[in-house]
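Residue numbers (the UniProt record's numbering): 1 to 280.
These notes concern the structure reproduced below.
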Amino acid sequence: MTHLKLYLFFPLPHFIFLEDHHKMNGILIIGGSDCSCGAGIQGDLKIITCLGAYATTVITCVVAEHPGRVESLYHLPSSIIESQFHSILDFFPIDAIKIGMLYKKELPQKIVELIRKFKINAPIVVDPVLAAGNGDSLAEPGMEEELARNLFPLATVVTPNIEEAELLSGLRIESPEDMLRVAQDLSEQYSTSFLIKGGHLQDKTTIDVLYHKGIAHKFELPRILHANPHGTGCSLASATAVFLAQGLDLPKAVEKAKAKLYEKIKSQLQIGPFYFLPPT
1 MTHLKLYLFF PLPHFIFLED HHKMNGILII GGSDCSCGAG IQGDLKIITC LGAYATTVIT
61 CVVAEHPGRV ESLYHLPSSI IESQFHSILD FFPIDAIKIG MLYKKELPQK IVELIRKFKI
121 NAPIVVDPVL AAGNGDSLAE PGMEEELARN LFPLATVVTP NIEEAELLSG LRIESPEDML
181 RVAQDLSEQY STSFLIKGGH LQDKTTIDVL YHKGIAHKFE LPRILHANPH GTGCSLASAT
241 AVFLAQGLDL PKAVEKAKAK LYEKIKSQLQ IGPFYFLPPT
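Here is the structure:
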């Protein structure tokens with residue numbers, strides 16, 4: 001006699017798991033795929049999962065790259081990007097959004113339209129990816145203006161690195177004092193908070209500067225010698241999104257994100273000639 005087992009599959013709303021009814025925060029990542037898994041969507045997934053949140057993704061482009069160079073890039077049609085939004089927002093709760101590489105300059109406006117269409121009310125971290133760490137361009141000309149016009153007004157915080165902050169402000173940054181001045185200028189110009197990531201400054205410490213609600217916050221830790229893993233900027237922005245989803249205010253979220261990233265950098269992995277953050 002044959003015994004048949006019937007399996008019923010049904011959705012579990014809002015990440016309620018049967019074992020302990022634990023709710024995980026949902027983080028929506030919008031950005032590019034990095035096949036080396038150091039930065040981009042893959043780097044975001046690692047840090048978000050490590051921090052105990054659940055990440056969903058909207059992929060905007062596929063980048064063939066490693067930390068040494070960008071080989072090629074393919075941007076996805078806006079129809080595919082919108083389809084990903086529909087697939088996610090039909091079911092998954094969103095407690096924070098992290099926006100990274102968009103490449104096509106019409107995408108900032110499209111992303112804003114989709115956020116409004118789905119009535120997403122959550123903190124938004126905008127990481128304005130304009131160039132790879134080696135200088136290769138990762139955005140069409142004019143992207144700075146489109147980000148500023150469309151996404152900055154919705155952002156809880158914008159997180160440029162030194163080079164991106166220089167492009168956005170038109171000012172040179174050569175010291176922590178310059179970082180503070182530019183962060184304040186950008187914050188006042190665009191009426192949102194700015195976190196300038198200072199990892200590329202050559203100093204004995206790593207300094208990030210947040211200008212938030214008229215107050216400057218400096219986050220400083222000793223520089224770890226010979227540590228320069230791929231994707232730290234993406235990871236800091238994503239970790240900040242996780243802590244914002246948990247309800248922390250922005251300065252505390254950045255503080256905790258930087259501390260967590262610092263611990264990960266201490267455990268960096270060498271793969272060939274390059275360094276990466278560990279996956280767990």
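Yeah, the Cβ is synthetic: ideal placement off N, Cα and C, and Gly gets one too.
All figures in this text were calculated on a predicted structure; none of them were measured in a lab.
Beta-carbon proximity check, residue i vs residue j, cutoff 9 Å
{"i": "residue 238", "j": "residue 59", "result": "no"}
{"i": "residue 138", "j": "residue 129", "result": "yes"}
{"i": "residue 53", "j": "residue 27", "result": "yes"}
{"i": "residue 240", "j": "residue 265", "result": "no"}
{"i": "residue 235", "j": "residue 68", "result": "no"}
{"i": "residue 221", "j": "residue 123", "result": "no"}
{"i": "residue 120", "j": "residue 30", "result": "no"}
{"i": "residue 304", "j": "residue 99", "result": "Missing from the structure shown is residue 304; the chain here goes from 1 to 280 and no further."}
{"i": "residue 158", "j": "residue 127", "result": "yes"}
{"i": "residue 254", "j": "residue 195", "result": "yes"}
Beta-ladder partner(s) of residue i, from DSSP
{"i": "residue 228", "result": "According to DSSP, residue 228 bridges with nothing at all."}
{"i": "residue 196", "result": "209"}
{"i": "residue 131", "result": "137"}
{"i": "residue 161", "result": "197"}
Assigned secondary structure, residue i (DSSP; H/G/I helix, E/B strand, else coil)
{"i": "residue 169", "result": "helix"}
{"i": "residue 150", "result": "helix"}
{"i": "residue 30", "result": "strand"}
{"i": "residue 269", "result": "strand"}
{"i": "residue 274", "result": "strand"}
{"i": "residue 155", "result": "coil"}
{"i": "residue 186", "result": "helix"}
{"i": "residue 13", "result": "Here residue 13 scores only 46 on pLDDT, less than 50, and its place in the model should not be relied on; the value that follows carries that caveat. DSSP places residue 13 in helix when its eight states are reduced to three."}
{"i": "residue 120", "result": "coil"}
{"i": "residue 180", "result": "helix"}
{"i": "residue 279", "result": "coil"}
Supposed close pair residue i, residue j - CB separation, criterion 8 Å
{"i": "residue 277", "j": "residue 268", "result": "6 Å"}
{"i": "residue 193", "j": "residue 250", "result": "6 Å"}
{"i": "residue 50", "j": "residue 103", "result": "Going by Cβ atoms, the distance from residue 50 to residue 103 rounds to 27 Å, so no, they are not a contact pair."}
{"i": "residue 211", "j": "residue 187", "result": "4 Å"}
{"i": "residue 65", "j": "residue 36", "result": "6 Å"}
{"i": "residue 224", "j": "residue 198", "result": "Not confirmed; about 14 Å, so no contact."}
{"i": "residue 184", "j": "residue 216", "result": "7 Å"}
| said: To test your reading of the DSSP string, which unbroken alpha helix (DSSP H) runs of 4 or more residues are found completely within the segment 32 to 116? | reply: Annotation: the segment 32 to 116 contains the following complete segments of the alpha helix (DSSP H) (minimum length 4 residues), in chain order: 40 to 50, 78 to 89.
| Taking the runs of the beta strand (DSSP E) that are 3 residues or longer, which of them lie wholly in the segment 201 to 267? | With a minimum length of 3 residues, the unbroken runs of beta strand (DSSP E) contained wholly in the segment 201 to 267 fall at 205 to 212, 215 to 222.
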